[in-house]
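**Q** Number 164 in our numbering belongs to position 164 of the sequence shown; there are no gaps in the numbering.
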Amino acid sequence: MSQSPLALVTGGAVRVGRGIVLALIESGYRVWVHCHHSQAEAKALATEHPDGIAGVCSADLLDANARARLASVIGPRLDLLVNNAASFERGAFVDRSDDDLRRVLELNLVAPLSLVRSCLPALRNAPAASVVNIVDLGARNPWAGLLDHSISKSALETATAGLAAELAPLRVNAVAPGTVAWPADGRAPEGSEARARLLARIPRGQIGSPEDVAQAVCFLARASHVSGHTLVVDGGSTAALGGAHA
Ligand SMILES: NC(=O)c1ccc[n+]([C@@H]2O[C@H](COP(=O)([O-])OP(=O)(O)OC[C@H]3O[C@@H](n4cnc5c(N)ncnc54)[C@H](OP(=O)(O)O)[C@@H]3O)[C@@H](O)[C@H]2O)c1
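(1) Mind checking whether residue 176 and residue 233 have CB atoms under 8 Å apart?
(2) Let me check you understand the geometry: is the CB of residue 35 closer than 7 Å to at least one non-hydrogen atom of ligand 1?
(3) If you measure between the beta carbons of residue 37 and residue 12, is that distance less than 8 Å?
(4) Tell me the DSSP secondary structure of residue 154 in three-state form.
(5) Could you tell me whether any non-hydrogen atom of ligand 1 is closer than 7 Å to the CB of residue 177?
(6) Could you check where the beta strand (DSSP E) with residue 30 kicks off and where it finishes?
(7) DSSP three-state label for residue 171, please.
(8) Are the beta-carbon atoms of residue 78 and residue 129 separated by less than 8 Å?
(9) Below 8 Å on the Cβ atoms is my contact criterion, and I expect residue 141 with residue 115 to pass it. Report the Cβ-Cβ distance as a whole number of Å.
(10) Using DSSP with H/G/I as helix, E/B as strand and the rest coil, what is residue 241?
(11) Within this structure, are the beta carbons of residue 132 and residue 180 separated by less than 8 Å?
(12) Enumerate in chain order the residues of its own chain whose CB-to-CB distance from residue 56 is below 7 Å, with the five nearest sequence positions on each side excluded.
(13) What do you reckon, is the C-beta of residue 235 under 7 Å from a heavy atom of ligand 1?
(14) Considering residue 19, what are the terminal residues of the alpha helix (DSSP H) in which it resides?
(15) By the three-class DSSP mapping on this structure, what secondary structure does residue 85 have?
(16) At a cut-off of 7 Å, would you count residue 15 as near ligand 1, judging by its Cβ distance to the nearest heavy atom?
(17) So does the stretch 161-168 actually touch the stretch 193-205, counting three or more Cβ pairs closer than 8 Å?
(18) Quick check on the burial criterion: 16 or more other C-beta atoms within 10 angstroms. Buried or exposed for residue 178?
(19) Taking residue 7 as the reference, give the member of 76, 139, 68, 40 with the closest Cα.
(20) Where residue 259 and residue 25 are concerned, what is the direct C-alpha to C-alpha distance, given to the nearest angstrom?
(21) Should residue 224 be listed as close to ligand 1, given that the test is whether its C-beta is under 7 Å from any heavy atom?
(22) My output table needs one value for residue 125: the three-state DSSP class, helix, strand or coil.
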């Protein structure tokens, strides 16, 4: 009997990460769900999908020791690492500090790379393993008031291509979503001008969903000759606006 492929999804308990976990289970993976604060949500996922969830592991990815422990619990084989967890810190450049930038880079850039390094032996034990990094359209066209975030995602996109070259035959790809879930901080509430402005820039006339990102992850996980690629999931906004984005 063939073994189910194993995936680790960081930030897998809520929102986009949860969508990725559910889609991977649907396509035959057993998934390690990493979480930080959302432990109750992660445990609920495990209860709802006892066969699909390989385990729940909690770690603050800002903490290098916690990252190392996370890699050590997943066991000797890993078919897919999805670096999804990230912050979304806002603020005008002049109001933010060097420490703010360092914290964003630590979580959104250093942590994913550190996880790739520590999971590498397990990834190399799986014949067709790959890594998918979740970046952001802001990686290419910085969002206003989100410079640190955009820089971190831009660097992660560059790292995706670099790692694809350096770690082959391991495949390393990225997904760059446009808006796929309204900001959790309550910005752009329903009926607001901010929401209408954003929607007007998306040719499909609606934001995407966590499931849209999940579909792209599942595709890249099994696209056996695709590596170093970033798949944009933005309802056509980048194409329509010639580089500007929603
Ligand atoms: N939402 C969008 O429209 C959108 C658009 C473009 C790109 N993206 C990207 O898609 C990914 C998911 O987005 P989202 O909107 O679902 O994010 P979110 O709602 O802000 O959730 C962030 C996730 O990261 C985890 N996380 C945050 N800080 C952490 C820390 N210090 N240590 C460990 N985990 C930590 C959280 O875990 P806990 O909840 O367990 O604490 C949570 O699962 C991110 O990479 C984001 O940049 C999202």
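Every residue gets a Cβ at the ideal spot worked out from N, C-alpha and C, and that includes glycine. Small disclaimer: the values here were computed from a predicted structure and weren't measured.
**A** Let me lay it out:
(1) yes
(2) yes
(3) no
(4) helix
(5) yes
(6) 30-35
(7) strand
(8) yes
(9) Actually they do not touch by this definition, with Cβ atoms about 27 Å apart.
(10) coil
(11) no
(12) 33, 35, 42, 43, 46
(13) no
(14) 15-26
(15) coil
(16) yes
(17) no
(18) buried
(19) 76
(20) Because residue 259 is not part of the residues shown, which for the chain are 1 to 246, the question remains open.
(21) no
(22) coil
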